[in-house]
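A short write-up of the structure that comes next.
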Amino acid sequence: MARTGRRPGPSSTRATILAAAAECFAADGYDATSMRRVAAAAGVDPALVRRFFGGKEQLFSEVAATLIVPARALAAVTEGSPEAAGERLLRYFLSLLGDVMHPGPFFGLIRSAVTSDHAAELLRRLLADEVLGRLAAAYRSETAELGAALAASQLVGLAVARYKVRLDALATADPDDLVRWVAPVIQSYLTGSHIC
14 MARTGRRPGP
24 SSTRATILAA
34 AAECFAADGY
44 DATSMRRVAA
54 AAGVDPALVR
64 RFFGGKEQLF
74 SEVAATLIVP
84 ARALAAVTEG
94 SPEAAGERLL
104 RYFLSLLGDV
114 MHPGPFFGLI
124 RSAVTSDHAA
134 ELLRRLLADE
144 VLGRLAAAYR
154 SETAELGAAL
164 AASQLVGLAV
174 ARYKVRLDAL
184 ATADPDDLVR
194 WVAPVIQSYL
204 TGSHIC
């Protein structure tokens with residue numbers, strides 16, 4: 014008698030679905046991405062996507078959790094002198110966004126947050142609270158909450174202007190030039206010091 018169900022051994026199906034979902038959210042945004050579209054991109058039955066993740070909100074939450082790992086971000090920014098934290102944060106953020114002409118899945122989170130309350134809440138919690146809020150608190154800024162919000166607005170605004178709107182000067186700018194201009198501003202948000 015033939016066996017039915019999952020084959021024995023490790024399965025990469027869940028990871029394949031997550032990767033396909035990340036690409037779909039990046040390419041199409043939250044509203045235009047359907048479970049059926051994700052299933053087609055992953056090469057699986059839509060019922061399997063629902064079995065692993067439930068609905069689209071849960072799937073998006075899982076994608077966000079794989080892309081924004083607060084511990085990894087905090088380690089990337091806090092290792093080194095406090096005076097260069099803004100630069101490290103900006104470089105880390107730009108590395109997550111990827112190439113201007115072909116942004117990575119992280120940009121899908123930002124893009125989705127514009128049209129979806131669920132996506133906006135996730136981005137607010139993961140990026141603003143768990144990463145930027147902790148960074149500002151770690152640098153003992155007296156205005157940590159406001160500083161974290163301002164840093165988030167700077168990063169998200171830069172991402173939208175460079176990767177979606179594609180303002181010429183931003184889209185063609187070398188990352189080192191962006192760091193030279195933007196990192197001091199982010200540094201001031203994190204530490205509460207004003208740029209003179």
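Numbering (the working numbering), first residue to last: 14 to 209.
In this text, a Cβ means the ideal position worked out from N, Cα and C, and glycines have one as well.
All values reported here derive from a predicted model rather than from experimental measurement.
Excluding five sequence neighbours on each side, which residues of the same chain lie with their C-beta closer than 7 Å to the C-beta of residue i?
i	result
Leu110	Pro116, Gly117, Phe119, Phe120, Ala172 and Tyr176
Ala174	Leu180 and Leu183
Arg19	Here Arg19 scores only 49 on pLDDT, less than 50, and its place in the model is too uncertain to base an answer on.
Ala164	Leu145, Ile199, Tyr202 and Leu203
How long is the line joining the alpha carbons of residue i and residue j, rounded to whole angstroms?
i	j	result
Thr157	Leu72	Checking the sequence shown, residue 157 turns out to be Ala, not Thr. Spanning the two alpha carbons is a distance of roughly 31 Å.
Ala52	Thr26	11 Å
Thr29	Ala162	34 Å
Gly205	Arg147	14 Å
Glu96	Leu80	26 Å
Leu139	Ala84	11 Å
Arg137	Glu70	15 Å
Arg104	Phe66	32 Å
Met48	Ser94	44 Å
Asp44	Ser129	7 Å
Mind checking residue i: buried by the 16 CB within 10 Å criterion, or exposed?
i	result
Leu159	exposed
Thr17	No answer about Thr17 holds up, because its pLDDT of 42 lies below 50 and its placement is not dependable.
Thr46	buried
Between the options, which lies nearest to residue i when the distance is taken from Cα to Cα?
i	options	result
Ser201	Ser108, Gly56, Leu145 and Leu135	Leu145
Pro188	Lys69, Ala88 and Asp112	Asp112
Leu87	Phe106, Ser47 and Thr46	Phe106
His131	Arg193, Val82, Val76 and Tyr152	Val76
Val127	Arg104, Gly170 and Val192	Gly170
Ser74	Glu134, Arg193, Tyr152 and Asp190	Glu134
Keeping to the same chain, check which residues put their C-beta closer than 6 Å to that of residue i; ignore five residues upstream and five downstream.
i	result
Arg124	Gly42
Leu168	Phe106
Just checking, does the segment 29-37 make contact with the segment 59-69 on the three C-beta pairs under 8 Å criterion?
Segments in contact, yes.
Would you be able to state if there are at least three C-beta pairs under 8 Å between the segment 187-202 and the segment 98-109?
Yes: at least three Cβ pairs fall under 8 Å.
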